[in-house]
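Participant: If you count the sequence shown from 1, position 650 lands on 1088 in our numbering, and the numbers rise without skipping.
Cβ atoms here follow ideal geometry from the backbone N, Cα and C, with glycine treated the same way.
If you're wondering where the values come from, they're calculated on a predicted model, not measured in any experiment.
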Amino acid sequence: MPFTPTHYRPYDFANRRHIGPSPAEMAEMLKVVGAESLDQLVEQTVPKGIRQDEALDFGPALSEADLLKFMRGVAKKNQVFTSLIGQGYADTITPPAIKRNILENPAWYTAYTPYQPEISQGRLEALLNYQTMVSDLTGLEIANASLLDEATAAAEAMTMAQRVAKSKARAFFVDEGCHPQNIDVIKTRAEPLGIEVIVGKPADLDAEAVFGAIFQYPGTHGEVTDFTTQMETLHAAKAIGIVIADIMALCLLKEPGAMGADIAVGSTQRFGVPLGYGGPHAAYMACRDAYKRSMPGRIVGVSIDARGNRAYRLALQTREQHIRREKATSNVCTAQALLAVMASMYAVFHGPEGLKGIAQRIHRKAVRLAKGFEEAGFEVGPEVFFDTIHVEVGALQPAVLKSARDEGLNLRAVGTTKVGIALDECTRPATIEAVWRAFGIIREDVVEPHEYRLPDALARESGYLAHEIFHMNRAETEMTRYMRRLADRDLALDRAMIPLGSCTMKLNAAVEMEPISWPEFSALHPFAPKEQAAGYGQLIEDLSAKLCDVTGYAAFSMQPNSGAQGEYAGLLTIRRYHAARGEGQRNVCLIPTSAHGTNPASAQMAGWKVVPVKSRDNGDIDLGDFLEKAQQYSDSLAACMITYPSTHGVFEETVREVCKITHDHGGQVYIDGANMNAMVGLARPGDLGGDVSHLNLHKTFCIPHGGGGPGMGPIGVGAHLAEHLPGHVALGTSGAVSAAPYGSPSILPISWAYCLLMGGEGLTQATRVAILNANYVAARLKGAYEVLYKGPTGRVAHECILDTRPFEKSTGVTVDDVAKRLVDCGFHAPTMSFPIPGTLMVEPTESETKAELDRFCDAMLAIRAEVSDIEEERMAPDASPLKFAPHTVEDLVAADWDRAYDREQGCFPPGAFRVDKYWPPVNRVDNAWGDRNLTCTCPPMSDYSEAAE
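#1: Counting Cβ pairs, one atom from each stretch, are 3 or more of them under 8 Å apart for the region 1054-1062 and the region 1110-1127?
#2: Could you have a look at P1152 and say whether DSSP puts it in helix, strand or coil?
#3: If you draw a straight line from the C-alpha of G632 to the C-alpha of G1045, how long is it?
#4: Would you be able to state if there are at least three C-beta pairs under 8 Å between the region 675-683 and the region 589-605?
#5: What do you get for E969, buried or exposed, if any count of 16 or more other CB atoms within 10 angstroms of its CB means buried?
#6: By the three-class DSSP mapping on this structure, what secondary structure does V738 have?
#7: From this set, A645, D574, H617 and V1207, which residue's C-alpha is nearest A607's C-alpha?
#8: What does the alpha-carbon distance come out to for the pair A493 and G1198?
#9: Select from A1017, T1085, G1173 and G1200 the residue whose C-alpha is nearest the C-alpha of L1388.
#10: Tell me the DSSP secondary structure of N582 in three-state form.
#11: Are three or more beta carbon pairs between the region 1221-1233 and the region 509-520 nearer than 8 Å?
#12: Looking at C-alpha atoms only, which residue of E871, M1079 and E1342 is the closest neighbour of H1101?
#13: For the alpha helix (DSSP H) holding Y1339, just list the boundary residues, first then last.
#14: Q774 and L586 - do their beta-carbons sit closer together than 9 Å?
#15: Please name the residue in P1348, A687 and A647 whose C-alpha comes closest to that of A407.
#16: Between which residues of its own chain and E916 is the CB-CB distance below 8 Å, once the five residues before and five after are set aside?
#17: Would you check if the region 810-821 and the region 837-844 touch, i.e. whether three or more CB-CB distances between them fall below 8 Å?
#18: With 16 other CB atoms within 10 Å as the buried threshold, where does Q1023 fall?
#19: Secondary structure at V1280, three-state DSSP: helix, strand or coil?
#20: Using the Cβ count rule (16 or more neighbours within 10 Å means buried), how would you classify R881?
#21: Leaving out the 5 sequence neighbours to the left and right, which residues in its chain are closer than 6 Å to C689 when beta-carbon positions are compared?
#22: So, is K1247 buried or exposed, given that buried needs 16 or more other C-beta atoms within 10 angstroms?
#23: What's the call for E1399, buried or exposed, on a 16-neighbour Cβ count within 10 Å?
#24: Under the rule that 16 or more other beta-carbon atoms within 10 Å means buried, what is L1016, buried or exposed?
#25: Whose C-alpha, out of V949, N1211, Q1070 and G975, is nearest the C-alpha of V1280?
#26: So what's D1058 in DSSP terms, helix, strand or just coil?
#27: I want to know whether the region 523-533 touches the region 614-625 - three or more CB-CB distances under 8 Å.
#28: Just checking, does the region 852-871 make contact with the region 801-809 on the three C-beta pairs under 8 Å criterion?
#29: Could you tell me the alpha carbon to alpha carbon distance between S460 and L1163, rounded to whole angstroms?
#30: Pick out whichever of N747, E979, R736 and L479 has its Cα sitting closest to the Cα of P1377.
#31: Take T1081 as the anchor and find which of E463, P1038, A1338 and G1062 has the nearest alpha-carbon.
#32: May I ask you to report which of helix, strand or coil DSSP gives D1255?
#33: Applying the criterion that 16 or more other CB atoms from any shown protein chain within 10 Å of the CB defines a buried residue, is D1262 buried or exposed?
#34: Ignoring anything shorter than 3 residues, give me the beta strand (DSSP E) runs that lie fully in the region 1039-1110, in order along the chain.
#35: With DSSP as the reference, please indicate the residues paired to Q774 in a beta bridge.
#36: May I ask you to verify whether the region 944-960 touches the region 1182-1195, counting CB pairs closer than 8 Å and requiring at least 3?
Written out as structure tokens, the structure reads:
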């Protein structure tokens, strides 16, 4: 047959894989929106005064095959040594069943945060398992569903202690045995809040002088200490006791709760999560029941649905930043849900006996290692240890460390005369022999003794993981089916569009995800010598350069582990800049009332006063009010925080004026990068007058959301701020905001791959199509729903806000009813009630095809028709399918169907697939019941059986 040329270039990833609509579909969509071309639509949407002049130039885009070949070459520049450095990180074995069915499964990694519980029951159960695991192992009543990393969790514990302590002291005690990065991050958090940090020996604790104290267990150099006495002393002084506990050690050691600790934090990395050069890893936090309402982060709770069946949900949400804003307990938004799920599955996979066996083997290996040194005449410490020892070598320390590297080992320098060695579940007899050789000891009798160096007083007496879920048949068939059952309960991006405004749920391409599992990226210790991480060095340097090109900034820090942490890091950068100029009195932050809830919460954490700025009726910043407040606080203005495009989904034309006013009054401009998906290749925040921005790599640059994390929020800054970016103790500096110097480096290959596959031209086209898709949805729904905010030409940016408030006034149908009815249609709801209560914010992203957009629009139009049925009195308000949504299989087969509509309308509305329909496992969840009857650990196994029947 004759050759027919196409518009596609060979291996054109941007147009053939990432961008949803075909050129023919785009032409049809442009007709609907009333634009002659994509160029014209962009010109009508993005004000001329903010568009960038130069195109992005990243070189030619790579094919998928060429990308993998290139990435392999870069990965090989990383040298994977056996790292026995410890310091809060340990090598671990990820069970292949968990790696394949969780980490590498889009049903898990493409899901969003479970704010819609009816379509999130699978990962909510997995996270409840995680909370139960943490609560049991720490001996404390309640745990959250993860935090960003151990050091961040320690800092959060400090501020939580200040909130709940009855002591009026302003100082906080930190055990000098804490890991250096934990101390670094705690100090960073404390300084802007006016908290004095006292670092010292536990024996020197003056409980009357502090509101709380934190201890590492075991200590950074291996020592295992019972802190019961310190806890009693703190409680007598009305202060709070915190323990940073090794989750694996707790399988053998006395738990923090038994010591009297009020709060416990730590990392669950050793439960099957790869080192990843520092992350991502799920941190945990547990506390006494009395303090649960002051705990940061998400908490999964047990509730019931409309039929009275057991259901899970996020509990106590009124604590969180999106509701409390500047009064929030924390700015935590993204957590580490995917990694928490992995850790919980590791516990299910091994069970309590298996975990105890792993911990015992690790300790026995450490005992054998220590005995070998002692028999060779070396001085070994500490006296009581779990898995970490240190050996006195005097002036030979550098030579021993080099000898170890020659053996393929990384050990830790302790002071100037000792060498630290931390063992893990991957340690083999050959590893111990190699360690001995590095010290000049030649022996081969590595037999694990049945010997412990843990005194009875420190041995754990209580049981743990008694719930049936941790005692299930652990045959891989059962494990695989369990993970599959949970995944099937959820609605993720692999099944349907997730049109969440301000969340950018775009394609996470398989080719972008593949390298994160390679050992060259996943198996490096974060404190390995720099020369062993040359591949990471190349990746971080090139990705930073590309992000500078995209944003117009001069430098980037990859350290923040989330967008909210990026905000915090950026504001601290501004704070340090003002202090260096002798203007430390600048402590006022102007923030529009429409801002993301994390903005005011982050400003509060930076020690600043939040001054709200009004929004106009059209959603724009009220320039008059902004100017008035900038003048009022001219001497103390530190910064303003704005989002661009705005949270109302439009490109405000006054953005340069806002930046100029701020600069004229001595402040710096923070431009929130949450909506960067509407700007890449078209406009740069640095060119608009921005001084700092964070980018959500888990939005714009394709890192998946993981059901609530991981994420990354690197910050870009102007040249004048570069020297004030976060430092890190491991790099010889300070001011860290994360446990690892580069945050969560093992997921950076995803964003780098995205840039290399798309090229500058492809990235720009993605932005243009994102704008097209949003305007197409707005055009198709015109007349049925009011689009609240538009630009001067009637265009929206990459998202649009649909007003459902008129329905509630006329029919009683709420935005929640619309969201639940969309579940019947097979969709995750758009963002609800942000930035305006009673609205839906829709962001379709460039990855969705016209067919999927049409399916969504058809569903929304059908819902509007059901509202009309109530308005025109064809249906009673309380009898509408909108009030009974979502519908389950149990509804479909019920013998006593007594609804005013038939089963067809209830269960198969327009937009829903008939053959491959998504069925929610529960009816509408009763949120109030869940908070009134708070349960945050696994319910009895009989409930699981009933739910399965």
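Facilitator: The answer reads as follows:
#1: no
#2: coil
#3: 8 Å
#4: yes
#5: Under a 10 Å Cβ-count criterion, E969 is classified as exposed, with fewer than 16 other Cβ atoms of the shown protein chains found around its own Cβ.
#6: V738: strand per DSSP, three-state reduction.
#7: A645
#8: One C-alpha to the other measures close to 7 Å.
#9: In this structure the chain extends from 439 to 1387, so residue 1388 is not present and cannot be described.
#10: Note: N582 maps to coil in three-state DSSP.
#11: no
#12: M1079
#13: From DSSP, Y1339 is part of no alpha helix (DSSP H); its letter is neither H nor E.
#14: yes
#15: Given a span of 439 to 1387 for the chain in the structure shown, any question on residue 407 remains unanswerable.
#16: Excluding sequence neighbours, E916 sits near M910.
#17: no
#18: Burial call: exposed.
#19: V1280: strand per DSSP, three-state reduction.
#20: Per the 10 Å Cβ criterion, exposed.
#21: Cβ within range, chain order: L793, K794 and A797.
#22: Of the residues assessed, K1247 falls on the exposed side of the cut-off, its CB having fewer than 16 other CB atoms within 10 angstroms.
#23: Residue 1399 is absent from the structure shown; the chain starts at 439 and stops at 1387.
#24: Before going further, note that residue 1016 is His rather than Leu in the sequence given. By the 10 Å Cβ count, H1016 comes out buried.
#25: N1211
#26: coil
#27: These segments touch.
#28: As far as the Cβ criterion goes, the region 852-871 touches the region 801-809, which means the pair count is three or higher.
#29: 42 Å
#30: N747
#31: P1038
#32: D1255 falls in the helix class under three-state DSSP.
#33: buried
#34: 1047-1051, 1075-1081 and 1106-1110
#35: DSSP lists no bridge partner for Q774.
#36: Segments in contact, yes.
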